[in-house]
Amino acid sequence: GESVGLHLPTLSVQEGDNSIINCAYSNSASDYFIWYKQESGKGPQFIIDIRSNMDKRQGQRVTVLLNKTVKHLSLQIAATQPGDSAVYFCAENIWRAGKSTFGDGTTLTVKP
Amino acid sequence: GAVVSQHPSWVICKSGTSVKIECRSLDFQATTMFWYRQFPKQSLMLMATSNEGSKATYEQGVEKDKFLINHASLTLSTLTVTSAHPEDSSFYICSATGPTDNGYTFGSGTRLTVV
């Protein structure tokens with residue numbers, strides 16, 4: 002079946018460094034991708050999204066890159082802060098279908 | 089922005105009892121809501137799609153008679169875990185498609201513990 006997986010289960014970075022979290026997806030029909038941040042005991046929080054007609058999208062301190070050729074996307078966080086510590090999920094979707102297929106999650110730990 | 093509220097945030101119940109979890113879209117109408125389950129240190133797994141005014145669509149392997157979903161209005165969907173057992177203990181999260189194109193808004197989740 003379809004699956005979305007993350008390459009690394011944990012990532013530890015120093016405060017101020019840049020973080021890169023990677024994700025692979027397998028459903029070639031997916032045309033909409035979302036990165037979520039989930040803090041302990043809370044629901045996922047939307048970070049940034051990208052449609053399949055784009056390769057790159059930037060937000061505030063975050064950038065998502067999409068490589069459809071190899072079915073890979075990444076989340077880059079600039080100047081990582083302690084408040085960025087959380088579990089990050091990528092999710093693949095069909096545009097406007099509403100439901101997300103989540104990857105396994107990467108735990109990001111930011112060391113002060 | 090779009091806000092989805094879940095209630096209760098946590099609940100402890102005895103084995104064999106039923107528990108109802110509410111999911112409300114506070115500032116928008118949601119014809120479709122989604123229910124996910126998340127076990128500790130695992131990802132979110134879609135359980136069912138809740139459609140306003142019609143029957144829910146369940147994912148493969150999810151017992152529809154055990155997880156009753158009612159979407160009676162455009163702002164409220166409920167998930168009832170019937171005859172709960174300890175293995176049903178999990179974090180249940182709902183989401184709704186908001187008014188904007190990228191509006192996949194999640195509730196804050198409900199921690200269910202069955203003892």
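Protein sequences appear in the order of chains D and H. Per our numbering, the first sequence runs over residues 2 to 113. Per our numbering, the second sequence runs over residues 89 to 203. Beta carbons: idealized from backbone N, C-alpha and C, even for Gly.
- For Asn94(D), the nearest beta carbon of chain H is closer than 9 Å to its own beta carbon.
- Among the residues of chain H, none has a CB under 8 Å from the CB of Asp18(D); the nearest is roughly 25 Å distant.
- Nearest neighbour of Thr102(D) by Cα position, chosen from Tyr37(D), Asn19(D) and Leu12(D), turns out to be Tyr37(D).
- Val92(H) has a beta carbon lying within less than 9 Å of a beta carbon in chain D.
- Partner residues in the beta bridge of Arg199(H), as assigned by DSSP, are Trp98(H) and Phe179(H).
- DSSP lists Arg112(H) as the beta-bridge partner residues of Ser93(H).
- By the beta-carbon neighbour count (other beta carbons within 10 angstroms, threshold 16), Leu76(D) is buried.
- For Asp32(D), no chain H residue has a Cβ inside 7 Å of its Cβ, as the nearest lies near 13 Å away.
- Considering only Leu200(H), Ser196(H) and Thr201(H), the residue with the shortest C-alpha distance to Leu114(H) is Ser196(H).
- Within the stretch 56-80 of chain D, no residue has a Cβ lying closer than 8 Å to any Cβ of chain H.
- A straight-line Cα-Cα distance of about 38 Å links Pro174(H) and Asp32(D).
- The stretch 105-113 of chain H and the stretch 39-48 of chain D do not touch, with fewer than 3 CB-CB distances between them shorter than 8 Å.
- Excluding its 5 nearest sequence neighbours in each direction, Leu164(H) has C-beta neighbours in its own chain below 6 Å: Arg112, listed in chain order.
- Measuring C-alpha to C-alpha distances from Asn158(H) to each of Cys182(H), Gln126(H), Val99(H) and Asp176(H) identifies Cys182(H) as the nearest.
- Neighbours of Phe127(H) across chain D, judged by C-beta separation under 7 Å, do not exist; the nearest C-beta is about 12 Å away.
- Bounds of the beta strand (DSSP E) holding Trp123(H) are Thr120 to Gln126.
- Excluding the 5 residues flanking it on each side, Asn94(D) has same chain C-beta neighbours closer than 8 Å at Ser31, Asp32, Tyr33, Phe34, Ile35, Lys100, Ser101 and Thr102, in chain order.
- In terms of CA proximity to Leu132(H), Thr107(D) leads the group Thr107(D), Pro113(D), Ser13(D) and Val111(D).
- Taking 9 Å as the threshold, the shortest C-beta distance from Tyr37(D) to chain H falls below it.
- The beta-carbon of Gln117(H) is placed no less than 9 Å from the nearest beta-carbon of chain D.
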